[in-house]
Structure formats: structure tokens, C-alpha cells
């Protein structure tokens, strides 16, 4: 067993996740890295999610479950979990995504060896039909680079509380993770990628039809959250859209 300094706090928000949360939790239980705590914040689910996750917390002393009194959104739920966390490292896993069993072992070793404060990895995408594609990422990113393209998959990210302190997501309904990475990158020069596929992102069947909504929110993110001027927002948004198109076309099938 690792010492307390190496404890990893895994942050998992849930909302009506009864069909997927079991698989997600099991991917944590299967980790080869054993010194972790899983903090699950249920966002007032209306299905059997709460019943499922409380069974796990009854069986496993390092799984903690809490339920919001009202629906607050994923970002606020993650922040509640971060506040309750005790670990040196903060990692994120949503209730429909999965980790490879060596995810934490490989990534924590990578961070400790190189003294990196924020890291991310490659991941794969899948649907219920089990088709896969690999999402790679650059060797490193900076505040400026990330502004144009969010290359850090939330399900792959880990940050070091000893270096950064506890960092929280902005209280917005979308792009909370990008807001957090940008906040961290104001204080460190780079975030670094471990070039291994260590997580699996479950694709929502409605994602394609929501692309216009995503683009609209990205514009609002630049204007209202980051506070860019109108001309700067046009420039940044244009690069973001171009990079997103290139990324979509360059997906590798495996």
C-alpha cells in the first residue's frame, strides 16, 4: 500500500446513470494502483443510480457517495467531490466512461518521475455498437495552445494538489473542464501528455446533432467566461473551429 501522500481522489458525478455507472465503477475497482478513493456525487437522479452507487459504498470502504439536494450540474458536483477529497492527486471519471486497469499506475508514475503537475493521456471513443477510434493528443499544451483546442480529455486528466492546491471548475453548465485546465495553466508553463490509450469515452448518440449548440456555447465561453474582447473572440473561435474540423477528420480507427 502506498503512503497517504500518494492517495488518488477520483471524482465522479452521476445523473440518471443506472445503465452505465456499474461498468464505470468496476473499471476503478480493477485498477492496479490500489491507493485511491472514489467520491461519487449524485446530482439528484430520478432513476436507480443512487441505489446502485450506495451498494458499492457499503461494500467498499474507499468509495464514498453523496447526493445533492437539488440538481446542480456536473461542474458543481465535481467541485463538491473535490472539496471532500483527501488525496494528493485529483483524477476525473464520468459515470459513463471507463479506465484501463493500468491507468492510474502508469500516469502517477509518469507524474512523479517527471515532477509534472497536470497530465493527460490518449483515449478511445466507443458507442454501444462497440466501434472504436483513438483520440491522440500533443506531447504538451500551454495556456495559449489550449485556448484554441481543448486537447485534455477530462476522463484522462490528473493534477497534483501538492503543487497546485485544490482547483475547482467554473460554475457553468458546459466547458467546465476547459475552464479548469486554463485556470491551472495560468500558473504552470505546460501540461504534459502520457502517449498511451488509458481511458474509454462513451459517445452519446445525440452528439452529432448537438454540434451547433456546442459551437454556440464555445463562443459564449470565450466571451463570458474567459472575457475575451469581440475581435479576439472571433479570432480564437475561428482557430478553434478549424482545429476541431481537422481533429475530427484525422481520427484513427483501431
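In our numbering, the protein residues as written are 2 to 255.
Just so you know, even glycine gets a beta-carbon here, dropped at the ideal spot from N, CA and C.
With a 10 Å radius around its C-beta and 16 neighbouring C-beta atoms as the bar for buried, classify residue i as buried or exposed.
i           : result
residue 201 : buried
residue 66  : buried
residue 75  : buried
residue 142 : buried
residue 33  : exposed
residue 237 : buried
residue 38  : buried
Identify which residue in the options has its Cα closest to the Cα of residue i.
i           : options             : result
residue 177 : 60, 53 and 227      : 227
residue 1   : 101, 149, 89 and 92 : What the structure shows of the chain is the stretch from 2 to 255, and residue 1 is not part of that stretch, so it cannot be assessed.
residue 14  : 7, 25 and 8         : 25
residue 129 : 11, 245, 174 and 21 : 21
residue 115 : 11, 161 and 221     : 161
residue 171 : 222, 119 and 243    : 222
residue 137 : 33, 193 and 68      : 193
residue 10  : 93, 106 and 219     : 93
residue 83  : 41, 72, 203 and 121 : 41
residue 145 : 182, 156 and 205    : 182
residue 219 : 234, 230 and 17     : 234
Which residues mark the beginning and the end of the beta strand (DSSP E) in which residue i is found?
i           : result
residue 160 : 159-161
residue 201 : 192-203
residue 66  : 64-68
residue 156 : Premise fails: residue 156 is in no beta strand (DSSP E) and is neither H nor E.
Classify residue i as helix, strand or coil using the three-state DSSP reduction.
i           : result
residue 20  : coil
residue 135 : strand
residue 110 : helix
residue 104 : helix
residue 168 : coil
residue 91  : strand
residue 125 : strand
residue 30  : helix
residue 37  : strand
residue 184 : helix
residue 12  : strand
residue 178 : helix
residue 237 : helix
residue 216 : helix
residue 99  : strand
Which stretch, first to last residue, makes up the alpha helix (DSSP H) that contains residue i?
i          : result
residue 54 : 50-60
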